[in-house]
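Participant:
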Amino acid sequence: MTGSDMPASFTLAYVPGVTPGKWARTWDERSPETPLTLVRTPAAEAVGLVRERGADAALVRLPIDRTGLHAIPLYTETTVVVVPKEHLVAAADDVTAADLADSVVLHPLDDTLDWERPPGQPAVERPATTGDAIDLVAAGVGLLVVPQSLARLHHRRDLTYRPVTDAPQSAVALTWLEEETTDAVERFIGVVRGRTSNSTRGRQPAPEKAARPDTGTRKAAAGKPAGGNRRRGAASGGTRGKPRRRA
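In terms of my numbering, the sequence shown opens at residue 3 and continues consecutively.
1. Who are Val82's beta bridge partners in DSSP?
2. Spell out the partners DSSP gives Ser172 in its beta bridges.
3. Any chance the stretch 91-99 sits against the stretch 128-138, with 3 or more Cβ pairs inside 8 Å?
4. Please list, in chain order, all residues of the same chain as Val2 whose beta carbon is under 7 Å from its beta carbon, the five residues on each side excluded.
5. Go through the stretch 35-66 residue by residue and report every complete run of the alpha helix (DSSP H) that reaches 4 residues or more, in order.
6. Cβ atoms of Pro149 and Gly19: under 8 Å apart, would you say?
7. Could you tell me the alpha carbon to alpha carbon distance between Ser105 and Val193, rounded to whole angstroms?
8. According to the neighbour-count rule (16 or more other Cβ atoms, all chains shown, within 10 Å of its Cβ), is Asp168 buried or exposed?
9. With a 10 Å radius around its C-beta and 16 neighbouring C-beta atoms as the bar for buried, classify Ile136 as buried or exposed.
10. In angstroms with no decimal places, state the Cα-to-Cα distance between Pro44 and Val174.
11. Can you tell me whether Asp101 is buried or exposed, with buried defined as 16 or more other CB within 10 angstroms of its CB?
12. Below 6 Å CB to CB, which residues in the same chain sit around Thr217 once its five sequence neighbours on both sides are set aside?
13. Under the rule that 16 or more other beta-carbon atoms within 10 Å means buried, what is Pro65, buried or exposed?
14. What is the rounded straight-line gap between the Cα of Pro124 and the Cα of Thr39?
15. Any idea what DSSP makes of Trp117, helix, strand or coil?
16. Please return the same chain residues whose Cβ sits closer than 8 Å to the Cβ of Leu145, not counting the five positions on each side in sequence.
17. List the whole-angstrom C-beta distance separating Val62 from Val49, where the pair is believed to meet the contact cut-off of C-beta under 8 Å.
18. My assumption, with CB atoms under 8 Å, is that Val166 sits in contact with Thr81. Please give the rounded CB distance.
19. Drop a sphere of 10 angstroms on the beta-carbon of Trp25, count the other beta-carbons inside from all chains shown, and report buried for 16 or more, exposed for fewer.
20. Alpha carbon to alpha carbon, how far is Pro120 from Leu134? Give it in angstroms, no decimals.
21. Check whether the Cβ atoms of Asp112 and Ala153 sit closer than 8 Å, and answer yes or no.
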């Protein structure tokens with residue numbers, strides 16, 4: 003159902019790598035009476051937090067189980083491979099999955115890309131988290147393929163990354179419970195979709211101006227008859243002509 007009043011606060015969960023700061027600032031400017039609480043949560047727990055009503059909405063990475071949930075895709079991230087700075091890949095502008103075939107590519111348990119296994123040679127064990135995998139890349143154990151925002155989040159001076167042109171991409175979406183499409187949720191949807199503060203969902207167009215009433219026929223000119231032509235043959239200031247004689 004749709005709520006009719008704004009709540010006392012609005013809680014937004016978000017997964018690592020997603021940066022809701024711009025939207026949070028816009029919310030604070032437009033809705034100062036309703037504080038926005040940001041909750042960073044592991045990717046595997048974000049949907050559960052929404053289902054348990056621990057958050058009004060969440061910024062997640064697709065795919066997710068959408069049962070009972072609405073989800074609006076917002077943007078798609080570039081996929082990159084994280085490598086040591088001295089690695090051969092660092093000399094290229096971008097790479098393909100085939101370029102990684104001979105390298106060990108780590109596959110953390112919290113991987114957010116929708117594939118059964120990444121390209122390259124598998125490691126002996128799967129790291130528990132992306133952060134653990136980054137440490138292994140720095141130690142020279144293998145490479146890591148992740149969304150670009152996660153590569154930035156775990157940035158290290160001894161590592162770099164390059165786009166992987168044919169790898170699956172990660173889409174970020176806003177999700178919330180179907181039965182909880184409240185006024186606050188609608189307002190936040192407007193924020194992430196870039197609506198202006200004056201726009202209203204479902205705003206009706208302004209009524210058209212009524213046509214000016216007909217003022218009637220023109221007034222007759224002063225001193226002249228108001229309707230009809232003069233009789234044929236009427237004089238216009240001269241005398242009538244004489245009738246012609248019959249032959």
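We treat Cβ as the ideally placed atom computed from N, Cα and C, and that holds for glycine. The structure displayed is predicted, hence computed values, not measured ones.
Facilitator: Looking at the atomic coordinates:
1. Answer by DSSP bridge pairing, in chain order: Val148, Pro165.
2. Listed as beta-bridge partners of Ser172 by DSSP are Glu79.
3. Contact between the stretch 91-99 and the stretch 128-138 is absent, because fewer than three Cβ pairs lie under 8 Å.
4. The displayed coordinates of the chain run from 3 to 249. Any statement about residue 2 would go beyond what the structure contains.
5. Within the stretch 35-66, the complete alpha helix (DSSP H) runs of at least 4 residues are 48-53.
6. With respect to the 8 Å criterion, Gly19 and Pro149 are classified as neighbours on the basis of their beta carbons.
7. Answer to the nearest angstrom: the Cα atoms are 43 Å apart.
8. Exposed, since its Cβ has fewer than 16 Cβ neighbours within 10 Å.
9. Ile136 comes out buried.
10. Cα-Cα distance, rounded: 14 Å.
11. Classification of Asp101: buried, given that the 10 Å Cβ count is 16 or more.
12. With a pLDDT of 48 at Thr217, under the threshold of 50, the predicted position of this residue should be treated as unreliable, though the coordinate-derived value follows. Within the same chain, Thr217 has no close Cβ partners at all.
13. Here Pro65 is exposed, its C-beta having fewer than 16 other C-beta atoms within 10 Å.
14. Cα-Cα distance, rounded: 40 Å.
15. DSSP, reduced to helix, strand and coil, places Trp117 outside both helices and strands of the structure shown, so it counts as coil.
16. Counting only Cβ-Cβ distances below 8 Å, and skipping sequence neighbours, we find Val83, Val84, Val85, His89, Val91, Leu102, Ser105, Val106, Val107, Leu108, Gly122, Val139.
17. At roughly 6 Å, the Cβ-Cβ gap stays under 8 Å, so Val62 and Val49 are in contact.
18. At roughly 5 Å, the Cβ-Cβ gap stays under 8 Å, so Val166 and Thr81 are in contact.
19. It is buried - the Cβ of Trp25 has at least 16 other Cβ atoms within 10 Å.
20. According to the sequence provided, residue 134 is Asp. The question's Leu does not apply to it. If I take the Cα positions, the gap works out to 17 Å.
21. Going by C-beta atoms, Asp112 is not nearer than 8 Å to Ala153.
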